[in-house]
Structure formats: structure tokens, C-alpha cells
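Residue numbers (the numbering used here), protein chains in the order written: chain A, 48 to 601; chain B, 11 to 169.
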């Protein structure tokens, strides 16, 4: 594999919401920008076919006291792991980004006004702007192109190259053709926006690894490559679980307008009895493990119950699902003659994936490595999903361009020993005639994660055993993985990334000797008040992993 | 298991193969009907249907695999412990009744704004609707479709 070489000021890794927004703002700052996208930016990532809720602070709707909205987000399902200054900066700029999107042609006001609907507690402000995002990627790719951003599709990035603590470039594998091509990109700044990490834990139905709520081609590349490059990851020990229709993990529960009920039809939570589009039922946001708890206790199944939902609200809900990109689900319900006026739908808790757990950023969107930025779902100390990606992508891209202006010339990324090492690894994987498929390695990873760093029980002995098995798996995978074309090589590399994410989870889960939220330590079955306001980071140095505690920023 | 291409109406434009977020298709040369090469890797996002220029002629459909045939519905119990009737399963109603082809309205009536905002879901447009299971005889062996326009391509791509 002889590398092709490309130079730019700012390399954006991932052409999703965060990546495209970063690329646009970097281009507006005069930078030469390349977006390297694994698939095709017009329909890639978790926002591929849409979204319908955009977290936003609009003073004319919410009033001038932003602290009310800060409290609302910290209490919400996305609020557990924020450095509050990042939340405040996000809120200050969120309406500007919503207005940009509206002006570019993403319908942020489908009813003609800025309407905040759903995902709210009774009597509290609503923070999710309901929008029509089914064509958001098409709009954003066009806007990026208009600003001179060059997007290279089918180019997953495997590594960032760092020299003397500063980023100098990246390695990618061009997978457009049958035969993969190694690509070397020299860049002054790199923005990571590769989305969530799925396929870490077993999927909603056995054997269907791609049955995930978020994009199953998003596999923690940003967290893994940042970690390998020495950047700090944060909050990796906390599993995040999504919920939604049983065994059909596309999208989730957010857009459903119903009440969660038990088999006898009684509401499970205290918030609503008759669902409306304004409120829905926020019970599962607060009681994250509701569906699993109900099932395990024998009191289940628990259902999403739309039988009392008004006809007009049901119409509205289906419209929301379409804008969210969930047309496969609603077309299936139609084909199967499932009538939500009569039929409740069983829900389940999905296994953990990484969102809002990962790269630690500062107020510039920069990681602990100079010139390496991250935005959107792979950030570990802030989370606001689509809106978070839009706002922090924009901030990170602008700052990446400003930094690039100060750096005189691109470094010699090609001289990095990492290039030779990865070239050798990938060539070996491609040249083996026999060996393990990427699926074997991925399933092996999932069973280790589920059994030794699962959501039910964790302990020092289980975690230590699991970490040992995980490292054995990495070694075995590197020694035996085989791929016969660009596609399967890409999947093999994704699996190796996931193994690195898994390692960071094991190391931090061992270090947090308490039970907090979904991190359940049977050997420390209590929450330690001394750790309540502490974030735990992990980074690599000289081949070893270093964990460090710090105060959560207020 | 995902996308199923109808070779009779697919024109081989290749859009589905290019925009698939999980790279399920083989991207063949222009004019070739894409091959669903990695069906296990479908995310069921429907992007290939949404972007198919020939969707209305049924050029592509999404097949939901058995384990995902969800909507574990109809097992609800009433207050005294008897299973509830499986009304919806045998009815012919869509999730919400009759959806109309066309676009969701941006403006809405005052009453609709007050409640559902007049926003409705419309299924992706198709000329030929899905055949319901009981309206025709079922052949034991699939018949060859007419009007093949290209060959399924297995090699490397050129565009």
C-alpha cells in the first residue's frame, strides 16, 4: 500500500452534522478544508435521514434568564456529564445556528413559529425545538460545497498523526474501490466528528450487529484515534443506554407520543396519564433503565401506549418520525397493519453505546492535544445531540482554522513511524489467506463488554478479568484478522477502534470505585459524595494508560 | 436484509449504492444494477428508498428481517389477566388511517395549529402498492422478472 498524499489547513474527520458545520466555519475563516467521510456525506451518520428535535435557547421564547434553561438541560436525559461552561457557550450560540439552518433551507419552523415540543417535565420549560430535518444532510452538504469545502467520500480516517504534542496529519483508507488505498493527509488542524460508538455491546437482537439506534457504521473512531494519539477521554466509565421499540433499534423513543404503561395498562411513571405532543411521557428519560427493570422484575413487558393519544397528535407523531428519518419503521407498521390506536408497542432498553462520552474538549473545542479538535457525539464533557454537533462543530471548525493560520507550514506527517506501522498492519490483514473475519472479532468484543463491563454488574475482579481478555483479543485480532477488500478492511479497522474504546471503558470503570448512575459496582454499591463532582479522564502515555481525576467545571 | 432491488425497474443509476451509510451495496459501473452485497450490515435507515429516483416504480424495497419484525403487539393483558384482542393485527388500517401522497403542509389551519399543527405523515410515493398477502395465489417458485436492464456486477467499480 503506497500512500496517496493530500495537504490542507483543516482536516475534518467525518461528514456528519458536526463535521459539516466545522468545515463550513473553517472555510469561512479562509482555511483550505477537507472533509474525509467514511460513506457519502449526503446520507451518512446518525443524522443521515433526519432528525426532529434541536436543543436550543431562544430568549424571545424562554425569557432572558438563561440559567433556567441550563438547569433544564442538566436535569434532562442528555445532562449528566457536562462541564457547565460548555453548556453555557452552546446555549449562547444555539439560536444563531438554528437560524442559519432555517435560512439555508432546513425547515426549523414547520408550523411557522419556533415551537418547542416534547421531552419535557410538566410545568417546566421545553428546550427541544421541533424541526423538519429529513433533508438536513442534503442542505448541509450543499452549503459546505458552496463555501469551497472539499469533501472526499469513502475515506475513513484511521489515525491522527501527532508530533511533539501537536497534530500534523492523519491516515485514511480510501474504500471507494474494491482495492483499498492508503491515504496520507497533512493538516495543520484536525477536527474529529465521527459520531457515536455502536457495535461495542450486543445489539438489540442476537446476530444482527447493525440493528442499532444510531448509525451502525459509527464505531468510536474519534475516541479511539484520540486515545491512541494521547488525548484525554472523559466519562468513559458511564454506559449510555437508549430505549425504543423491541428488537427494532432504529432511532428510539424520543418522537413517540404515548404513555409508558405496564401490562395492565397502568402508567408506569408519574408525569402524564394522557399523552400530548407538548409533553409526551418523560418517564423513560428519568428512569433510564425502566424497560429493563420492568422486564427483569417480571412486571413487564412495558409498552409505549398511544391508545389515548389524540388523533391529531398521532398524525403529528408520525410526521415527526418521518422527519426524524424513521420511515422504515412507519412503513413497516403500515405494512403489518399495526394500528397505534389499538395496539401498544413493546419497548426495550438497548445495550450501551458511546454518546457524550469521549474526547475532552475545552472552550475552543480543542482536545488536550494541540490542533486536535472534536465535536458532536464523540465529545465526553458535553452532549446535546444534533444541536450540540451543529453548535460545537461550528465553534471547533472556526478555532481549528484560526490555529491553522498561525502554523506556518504543514509538518512532515509522512515521516511518522505510525504510517509505517499502520501500513504494515493493514497489509498483513489484507494478505492473510486464512484467519478471523472482522465479525468474529466484533462479536468477541461484544461478549467481553457485555459480560465484564456490562450495565448490570461491575466489580474489580470482573473488570480486571475483562480487561485481560480484551487485550488478548486485540493481540489475537492483530495476529489473525483477514480482509479481502476495502470494505472488509474498513470493518476490521472499525473493530480495532472499538476494542480501544473498550479498553478505555474498562480502565475508567475500574478506577471509579463507586456506584453512580448506570455505572454499577457491586463491590462499591454506594455513591461516594467525594466523587460526585469529579470527572475521570484517561489518556495514553508511553504505551500505558493514565487516569486522572478533576473537578467538574461549574 | 434489507434492500431488495427490482431488476425490472432499477435503471442502474447507482445512487443507492453511493449514499448507503453502511456500504451495503457493491458500487458497480454506471448502468449496472447494484448488488446487495452485505445485507447483514443494513441499518434500516431507508436512505436507499428515499433517494431512489425510480421508487415510485418499485425499484427498491426494504425487507425487514424476522428478528426485527417487531412491534411485539397484541400480547397485552386486560385488568383481569386475559389477553387483549389483537384488533389491529387483523384490521386493514394503517398506523394512522389513510395517508395521502404529497408533501407535508407548512401552513396549517388554526384548529390544527392548536392541536396537531396539521402536519401529517405521507408514505414515500409508489405507483404499485404492496400486495396484501391474501389477494393473489402464491407461486411456489419465484418467476423471472421481465425487462432486465443490466447485469448485476461483482467486480470493482469505475465511477
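Beta carbons: idealized from backbone N, C-alpha and C, even for Gly.
Here the structure is a predicted model, which means the values were calculated and not measured.
For residue i, which three-state DSSP category applies?
| i | result |
| --- | --- |
| residue 55 of chain A | strand |
| residue 184 of chain A | helix |
| residue 600 of chain A | coil |
| residue 54 of chain B | coil |
| residue 151 of chain A | helix |
| residue 199 of chain A | strand |
| residue 362 of chain A | helix |
| residue 581 of chain A | strand |
| residue 591 of chain A | strand |
| residue 35 of chain B | strand |
| residue 436 of chain A | helix |
| residue 14 of chain B | strand |
| residue 61 of chain A | coil |
| residue 506 of chain A | coil |
| residue 485 of chain A | helix |
| residue 449 of chain A | helix |
| residue 513 of chain A | helix |
| residue 441 of chain A | helix |
Can you say whether residue i is buried or exposed, counting buried as having 16 or more other CB atoms within 10 angstroms of its CB?
| i | result |
| --- | --- |
| residue 79 of chain B | exposed |
| residue 150 of chain A | exposed |
| residue 19 of chain B | buried |
| residue 580 of chain A | exposed |
| residue 603 of chain A | Residue 603 of chain A falls outside the range modelled here, since chain A spans only 48 to 601, and no answer is possible. |
| residue 72 of chain A | buried |
| residue 235 of chain A | buried |
| residue 467 of chain A | exposed |
| residue 226 of chain A | exposed |
| residue 430 of chain A | buried |
| residue 303 of chain A | buried |
| residue 480 of chain A | exposed |
| residue 160 of chain A | exposed |
| residue 343 of chain A | exposed |
| residue 459 of chain A | exposed |
| residue 476 of chain A | buried |
| residue 508 of chain A | exposed |
| residue 410 of chain A | exposed |
Which chain A residues are close to residue i, counting only those with a beta carbon under 7 angstroms from its beta carbon?
| i | result |
| --- | --- |
| residue 77 of chain B | 252, 255, 294 |
| residue 29 of chain B | 87, 89, 90 |
So which residues of chain B does residue i contact, with C-beta pairs closer than 8 angstroms?
| i | result |
| --- | --- |
| residue 96 of chain A | 55, 56, 57, 60 |
| residue 262 of chain A | 31, 32, 53, 55 |
With 8 angstroms set as the bound, which would you pick, yes or no: does the beta-carbon of residue i sit closer than that to a beta-carbon of chain A?
| i | result |
| --- | --- |
| residue 51 of chain B | yes |
| residue 97 of chain B | Here the model assigns residue 97 of chain B a pLDDT of 42, short of 50, so the residue's position is not dependable and the matter cannot be decided. |
| residue 32 of chain B | yes |
| residue 74 of chain B | yes |
| residue 134 of chain B | yes |
| residue 65 of chain B | no |
| residue 166 of chain B | Per-residue confidence for residue 166 of chain B stands at a pLDDT of 42, beneath the threshold of 50, marking its modelled position as unreliable; the derived number appears in the next sentence. So, interface residue. |
Could you name the residues of chain B that residue i contacts, counting a contact when the two beta carbons are closer than 7 angstroms?
| i | result |
| --- | --- |
| residue 258 of chain A | 78 |
| residue 103 of chain A | Neighbours of residue 103 of chain A on chain B: none; closest Cβ ~18 angstroms, over 7 angstroms. |
| residue 372 of chain A | 55 |
Would you verify that the beta carbon of residue i is, or is not, closer than 8 angstroms to some beta carbon of chain B?
| i | result |
| --- | --- |
| residue 425 of chain A | no |
| residue 157 of chain A | yes |
| residue 51 of chain A | no |
| residue 642 of chain A | The requested residue 642 of chain A does not occur in the structure, where chain A is confined to residues 48 to 601. |
| residue 297 of chain A | yes |
| residue 363 of chain A | yes |
If the cut is a Cβ gap below 9 angstroms, which residues of chain A does residue i touch?
| i | result |
| --- | --- |
| residue 45 of chain B | Ordered by position in chain A, no residue passes the 9 angstroms Cβ test against residue 45 of chain B, which lies about 12 angstroms from the chain. |
Using a Cβ-Cβ cut-off of less than 7 angstroms, list which residues of the region 178–198 of chain A approach chain B; keep chain order. Nothing from the region 178–198 of chain A brings a Cβ to less than 7 angstroms from some Cβ of chain B.
Looking at chain B, which residues of the region 375–394 of chain A have a Cβ within less than 7 angstroms of any of its Cβ atoms? The residues in question are 375, 377, 378, 379, 380, 381, 382, 383, 384, 385, 386, 387, 389, 390, 391, 392, 393.
Please list the residues of the region 473–503 of chain A that have a C-beta atom closer than 9 angstroms to any C-beta atom in chain B, keeping them in chain order. From the region 473–503 of chain A, only 486 have a Cβ closer than 9 angstroms to chain B.
Taking a cut of 7 angstroms between CB atoms, which residues from the region 523–544 of chain A lie near chain B? Contact annotation: in the region 523–544 of chain A, residues whose CB is within less than 7 angstroms of a CB in chain B are 534.
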